[in-house]
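Residue numbers (my numbering): -16 to 160. Reviewing the structure listed below.
So this is what it looks like as structure tokens:
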């Protein structure tokens, strides 16, 4: 049931232009990422990191920033804080394959933001700083990227009406200081 609800959320975001858009194919926006999302949700418990990379390569999205966002949106649940360490290696590998790691970091933060705001709003006040700190301590995110992300309201990854300036990062930035 949770998988169906998450897929509806992902598909609704794609249809509204707030989520994943397949930049290379204007005829079918989001189709590739929808296929990837469904595959992840179906195989999340049993799939190993290499198979995920093989599937991303099959779909032609292995080296795309939005792949990182798709992974964040589909691997994590309401227990994200506990789940992050399980996927450190996967996120580090996917981000290392990108032409620009900055884009991967940004879409990872955006994916976490979107997941927490749209699927698990209860995570926003206390868990988001912990989630981001987990990625920071694993050397997957850099301090400057987190600070830059925290200085503005995200319109790309979340609905504008859900965004409030400085809502996420103030506790996290205090932890980094």
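Using N, Cα and C, we set each Cβ at its ideal position, and we do this for glycine too.
Distance between beta carbons of residue j and residue i, contact taken as under 8 Å
i: residue 94; j: residue 131; result: Going by Cβ atoms, the distance from residue 94 to residue 131 rounds to 16 Å, so no, they are not a contact pair.
i: residue 32; j: residue 73; result: 5 Å
i: residue 123; j: residue 78; result: 7 Å
Residue from the options whose Cα sits closest to the Cα of residue i
i: residue 57; options: 126, 111, 26, 77; result: 26
i: residue 47; options: 34, 64, 19; result: 19
i: residue 100; options: 34, 60, 41, 129; result: 60
i: residue 49; options: 66, 17, 65, 71; result: 17
i: residue 106; options: 23, 62, 41, 42; result: 62
i: residue 86; options: 41, 125, 113; result: 125
i: residue 113; options: 84, 134, 65; result: 65
i: residue 120; options: 75, 80, 104; result: 75
i: residue 43; options: 67, 29, 14; result: 14
Residue i - DSSP class collapsed to helix/strand/coil
i: residue 12; result: Confidence in residue 12 is poor, its pLDDT being 46 and thus under 50, which makes the residue's placement unreliable; the coordinate value appears in the next sentence. Coil, per DSSP.
i: residue 125; result: coil
i: residue 100; result: helix
i: residue 66; result: helix
i: residue 61; result: coil
i: residue 45; result: coil
i: residue 33; result: helix
i: residue 28; result: coil
i: residue 93; result: helix
i: residue 161; result: As shown, the chain starts at -16 and ends at 160. That puts residue 161 outside it, with no answer to give.
i: residue 107; result: coil
i: residue 134; result: coil
Through-space distance from residue j to residue i, alpha-carbon basis
i: residue 36; j: residue 45; result: 6 Å
i: residue 82; j: residue 109; result: 33 Å
i: residue 162; j: residue 69; result: A query on residue 162 cannot be resolved here, the shown segment of the chain reaching from -16 to 160 and no further.
i: residue 54; j: residue 23; result: 8 Å
i: residue 117; j: residue 127; result: 16 Å
i: residue 89; j: residue 40; result: 21 Å
i: residue 28; j: residue 133; result: 32 Å
i: residue 115; j: residue 30; result: 24 Å
i: residue 97; j: residue 103; result: 9 Å
i: residue 84; j: residue 71; result: 15 Å
i: residue 21; j: residue 67; result: 20 Å
i: residue 80; j: residue 111; result: 25 Å
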